[in-house]
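Take a look at the structure below.
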Amino acid sequence: MNPLRGIAMIVTAVGLFAAMNSLIKAVPEIPAGEAVFFRSAFALPVIIAWLAVRGHLAHGLHAGHWRLQLLRGLAGTMAMGLSFLGLRYLPFPEVTALRFITPVLILILAAIFLGERFRMIRLAAILAGFAGVLIMLWPRLGAQTGAAERHELFGVLIVLASAGFAAVAQIALKSMAGREKTAAIVFWFSVISMTVGLMTLPFGWVRPEPWEAAFLIMAGILGGMGQMLLTESYRHADVGTLAPYTYVSMIWALLIGYFVFDEMPTVSMLAGAALIIGAGLVIAWRERTRGSRGS
Numbered sequence: 016m017n018p019l020r021g022i023a024m025i026v027t028a029v030g031l032f033a034a035m036n037s038l039i040k041a042v043p044e045i046p047a048g049e050a051v052f053f054r055s056a057f058a059l060p061v062i063i064a065w066l067a068v069r070g071h072l073a074h075g076l077h078a079g080h081w082r083l084q085l086l087r088g089l090a091g092t093m094a095m096g097l098s099f100l101g102l103r104y105l106p107f108p109e110v111t112a113l114r115f116i117t118p119v120l121i122l123i124l125a126a127i128f129l130g131e132r133f134r135m136i137r138l139a140a141i142l143a144g145f146a147g148v149l150i151m152l153w154p155r156l157g158a159q160t161g162a163a164e165r166h167e168l169f170g171v172l173i174v175l176a177s178a179g180f181a182a183v184a185q186i187a188l189k190s191m192a193g194r195e196k197t198a199a200i201v202f203w204f205s206v207i208s209m210t211v212g213l214m215t216l217p218f219g220w221v222r223p224e225p226w227e228a229a230f231l232i233m234a235g236i237l238g239g240m241g242q243m244l245l246t247e248s249y250r251h252a253d254v255g256t257l258a259p260y261t262y263v264s265m266i267w268a269l270l271i272g273y274f275v276f277d278e279m280p281t282v283s284m285l286a287g288a289a290l291i292i293g294a295g296l297v298i299a300w301r302e303r304t305r306g307s308r309g310s
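If you want the numbering used here, it's the 1-based position in the sequence shown plus 15.
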């Protein structure tokens with residue numbers, strides 16, 4: 016184990032994912048399903064090369080739990096597509112912040128489907144997370160809100176749905192822990208998401224301009240590299256050590272939003288994001304503490 020290497024990898028990975036999302040946001044005329052296809056199709060060669068170099072390609076081609084693989088793949092694809100769609104309606108940092116509600120939703124789903132108990136710290140984290148979402152929603156819920164606010168409210172609901180699907184995907188991953196090779200999970204997710212993206216072809220794909228195609232291809236390559244580094248990081252450090260560093264993506268999002276898309280974060284967005292991130296950090300700390308105690 017080399018925790019510093021693992022931390023460096025995960026920080027780089029979330030930076031690559033932020034760059035990937037910024038490229039998707041920069042091509043708003045491309046339908047979300049088409050963006051999912053490009054992201055997955057051009058990530059796949061990177062992932063295959065990575066598996067081949069590590070000698071794990073055979074593991075990547077073999078999946079023993081197809082129902083869980085399919086659930087994870089479909090839920091993860093929906094999470095990706097809705098997140099891409101949400102980037103059309105909301106500032107870049109706000110989409111990133113709202114997606115941080117995923118760990119809170121995982122706790123709720125784990126209690127419902129896996130029978131895990133709500134403890135006081137978990138309950139407090141859940142309440143804090145939803146309070147953060149409410150703070151971010153509040154400016155759009157007044158009686159005098161106009162079309163722009165309603166447009167953004169729709170975007171918030173899309174991104175929250177994305178976080179919900181991401182939580183389902185994580186629960187499926189948790190169910191596969193120790194039962195399925197990581198290589199198979201990474202490989203088949205890319206195949207499933209590429210296939211689902213391609214299935215949206217009859218629903219309004221557009222022919223991208225050369226520069227748009229370049230952005231989409233680069234998004235796929237960066238997504239594949241990010242997935243590779245994210246997966247590799249867990250070989251060098253445990254989940255509890257690495258989880259807090261995923262929130263570095265908020266810094267990336269603020270910088271990209273400000274310098275690339277001229278998006279100035281609002282006070283309500285920053286306050287809500289702080290609560291959501293705080294809830295996620297508490298959850299990560301609590302899970303690490305429980306893991307170290309073996310309970």
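Beta carbons are placed, not taken as given, at the ideal position from N, Cα and C, and that holds for glycine. Being a predicted model, the structure only gives us computed values, none of them experimental.
| Pairwise C-alpha distance: LEU105 and LYS40 | If you take the alpha carbons of LYS40 and LEU105, they lie about 10 Å apart.
| Pairwise C-alpha distance: GLU195 and ALA78 | CA-to-CA, the gap between ALA78 and GLU195 works out to about 7 Å.
| Continuous alpha helix (DSSP H) stretch holding PRO382: start and end | Coverage of the chain is limited to positions 16 through 310, which leaves residue 382 absent and any answer about it impossible.
| said: I want to see whether chain B comes within less than 8 Å of GLU247, judged by CB atoms only; does it? | reply: Looking at the structure shown, chain B is missing, and only one protein chain is on hand.
| query | Regarding PRO18 and the ligand ATP, is the C-beta to nearest heavy atom distance less than 7 Å? | reply | You won't find the ligand ATP in this model; it holds no ligand whatsoever.
| request: Let me know if ALA58 comes out buried or exposed under the rule of 16 or more other beta-carbons within 10 Å of its beta-carbon. | output: Buried: at least 16 other Cβ atoms inside 10 Å.
| request: Would you mind working out which of TRP226, GLU247, GLN185 and SER208 sits nearest ILE25, comparing C-alpha positions? | output: Selected option, being the one with the closest Cα: GLU247.
| query | Would DSSP call VAL275 helix, strand or coil? | reply | VAL275: coil per DSSP, three-state reduction.
| In terms of residue numbering, what span does the alpha helix (DSSP H) encompassing LYS40 cover? | Unbroken alpha helix (DSSP H) run through LYS40: 18-40.
| query | Any idea if LEU311 is buried or exposed, counting beta-carbon neighbours within 10 angstroms, 16 or more meaning buried? | reply | Nothing in the structure corresponds to residue 311, since the chain is present only between 16 and 310.
| Going by Cα to Cα distance, which pick from PHE32, ASN17 and ILE45 is closest to ARG222? | By alpha-carbon distance to ARG222, the top candidate from PHE32, ASN17 and ILE45 is ILE45.
| For MET135 and ALA56, the rounded distance between their alpha carbons | MET135 has its alpha-carbon roughly 43 Å from the corresponding atom of ALA56.
| field | GLY130 versus LYS189 - alpha carbon distance | value | One Cα belongs to GLY130, the other to LYS189, and the distance between them is close to 13 Å.
| task | Excluding the 5 residues preceding and the 5 following TRP220 in the sequence, name in chain order all residues of the same chain whose CB lies nearer than 7 Å to its CB. | result | Result list for TRP220: PRO46 and GLU49, in chain order.
| message | Rounded to the nearest angstrom, what separates LEU85 and ALA112 at their Cα positions? | response | Cα to Cα, LEU85 sits roughly 27 Å from ALA112.
| field | Alpha-carbon spacing of ARG250 relative to VAL68, whole angstroms | value | Linking ARG250 to VAL68 through their CA atoms gives a straight-line distance of about 16 Å.
| message | So, for MET240: in the same chain, excluding its five sequence neighbours on each side, which residues have a beta-carbon less than 7 Å away from its beta-carbon? | response | Contacts found: LEU31 and VAL61.
| field | For LEU102, the three-state DSSP class (helix, strand or coil) | value | Residue state, collapsed to three classes: coil.
| said: Whole angstroms are fine: how far does the CA of GLY70 sit from the CA of LEU156? | reply: About 53 Å.
| What span of residues does the alpha helix (DSSP H) with ALA64 cover, start to end? | It spans 47-69 - the alpha helix (DSSP H) in which ALA64 sits, taken as one unbroken run.
| message | Once the 5 residues before and after SER177 are set aside, which same chain residues still bring their CB inside 7 Å of it? | response | ALA94, LEU97, SER98, GLY101 and ARG114.
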